[in-house]
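Step one of this worksheet: look at the structure below.
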Amino acid sequence: MVLSRSIKQFRQIVYTYYARHARTLPWRETHDPYRVLVSEIMLQQTQVSRVLQKYRSFLHRFPTIQMLAKARLRDVLKEWQGLGYNRRALLLHRCARTVVLNYKGKIPCQREMLRGLPGIGEATSGALRAFAYNAPEVFIETNIRSVFIHHFFSDKKNVSDKKLLIVIGKALDRKNPRKWYSALMDYGVFLKNTLTNPSRKSLHYKKQSPFKGSRRQIRGRILKFLAKKNRAKEPAMRLCLCVDKAALSEILTSLCKEGLVKQKGKMVWI
Numbered sequence: 010m011v012l013s014r015s016i017k018q019f020r021q022i023v024y025t026y027y028a029r030h031a032r033t034l035p036w037r038e039t040h041d042p043y044r045v046l047v048s049e050i051m052l053q054q055t056q057v058s059r060v061l062q063k064y065r066s067f068l069h070r071f072p073t074i075q076m077l078a079k080a081r082l083r084d085v086l087k088e089w090q091g092l093g094y095n096r097r098a099l100l101l102h103r104c105a106r107t108v109v110l111n112y113k114g115k116i117p118c119q120r121e122m123l124r125g126l127p128g129i130g131e132a133t134s135g136a137l138r139a140f141a142y143n144a145p146e147v148f149i150e151t152n153i154r155s156v157f158i159h160h161f162f163s164d165k166k167n168v169s170d171k172k173l174l175i176v177i178g179k180a181l182d183r184k185n186p187r188k189w190y191s192a193l194m195d196y197g198v199f200l201k202n203t204l205t206n207p208s209r210k211s212l213h214y215k216k217q218s219p220f221k222g223s224r225r226q227i228r229g230r231i232l233k234f235l236a237k238k239n240r241a242k243e244p245a246m247r248l249c250l251c252v253d254k255a256a257l258s259e260i261l262t263s264l265c266k267e268g269l270v271k272q273k274g275k276m277v278w279i
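Each residue of the sequence shown is one higher than the last, beginning at 10 in my numbering.
If you want it as structure tokens, here you go:
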């Protein structure tokens, strides 16, 4: 494959932009693996502006991984309100408990160990290793994807992450991957704000369905309601939330299977 720009030129473009327009973000001010982990889980499918509102308050409530592990799921979900995708909070809670139980409260840096923790997949483990341990990890997320498609696959369609990861590995600044990935992400945000989103050329691109009236919205309302009330009967929930009986029953069954709520008869609780 012939690259449209040399790696050296490409790095210069990215770092020049970063030198002038680097974002000041609280999770970039720490190397603490726990704080980096919290930020990475929060940033999954959620805009930075929304994460900024919650990151500090969450860490104020749960300043250590030990305190998060000891907390009730109800309290974790209550603090998570506003971020959406509440299953992430559940998995972060389980991850904290696993780290405390199996690793004496220290988040491991080895890729295989990280991948074995609840809620940590390939991209999150790579980001955690890069940002917390400055390890030369090769990974991809939405902004990184946009940058590499724009610079190296601008004339292509249905570009796979497999192809992108090859180029990402070649371009990686192995002396300072933490700074490099921060620069890539900031540059990616700039490209998405000034151009038609390059990620639309990705093989994996999916347009998100509207949130209003969606199943995701109903799930969020149910969990917010239970986080405040602690427990409630299904008929009362149906009236308070104005949710169809069949829809509520189906969603509660799903939430029970995921471990987000518990139900016995008509009584539901977190």
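All C-beta atoms, glycine included, are put in the ideal place defined by N, C-alpha and C.
Task: Backbone secondary structure at Ser211 - three-state DSSP - done: strand
- [ ] List the DSSP bridge partners of Ala241.
- [x] Val277
TODO: State the start and end residues of the unbroken alpha helix (DSSP H) segment that holds Phe67.
DONE: Val57 to Arg70
Task: C-beta contact flag for His160 and Phe19 at 7 Å - done: Going by C-beta atoms, His160 is nearer than 7 Å to Phe19.
Open item on the list: So for Ser263, helix, strand or coil by DSSP?
Closed with: helix
Open item on the list: Is the separation between the beta-carbon of Cys104 and that of Tyr142 shorter than 7 Å?
Closed with: No, Cβ-Cβ distance for Cys104 and Tyr142 is not below 7 Å.
Task: Local Cβ density within 10 Å of Tyr112, reported as buried at 16 or more and exposed below that - done: exposed
Open item on the list: Could you compute how far the alpha carbon of Leu123 sits from the alpha carbon of Ala132?
Closed with: 11 Å
Open item on the list: Would Val198 and Gly178 qualify as a contact pair, given that the criterion is a beta-carbon distance under 7 Å?
Closed with: Going by C-beta atoms, Val198 is not nearer than 7 Å to Gly178.
Task: alpha helix (DSSP H) segment containing Tyr26, residue limits - done: Here the alpha helix (DSSP H) through Tyr26 covers Ile16 to His30.
- [ ] Report buried or exposed for Ser134, applying the criterion of at least 16 other Cβ atoms within 10 angstroms of its Cβ.
- [x] buried
Task: 7 Å Cβ cutoff met for Val108 and Ile74 - done: yes
Open item on the list: Rounding to the nearest angstrom, what Cα-Cα distance links Arg96 and Gln54 in this structure?
Closed with: For Arg96 and Gln54, the distance between alpha carbons rounds to 12 Å.
Open item on the list: How far does the alpha helix (DSSP H) with Arg96 in it extend, from its first residue to its last?
Closed with: Arg96 to Tyr112
- [ ] Given a cut-off of 7 Å, decide if Asn167 and Met194 are closer than it, judged by their beta-carbon atoms.
- [x] Contact: no.
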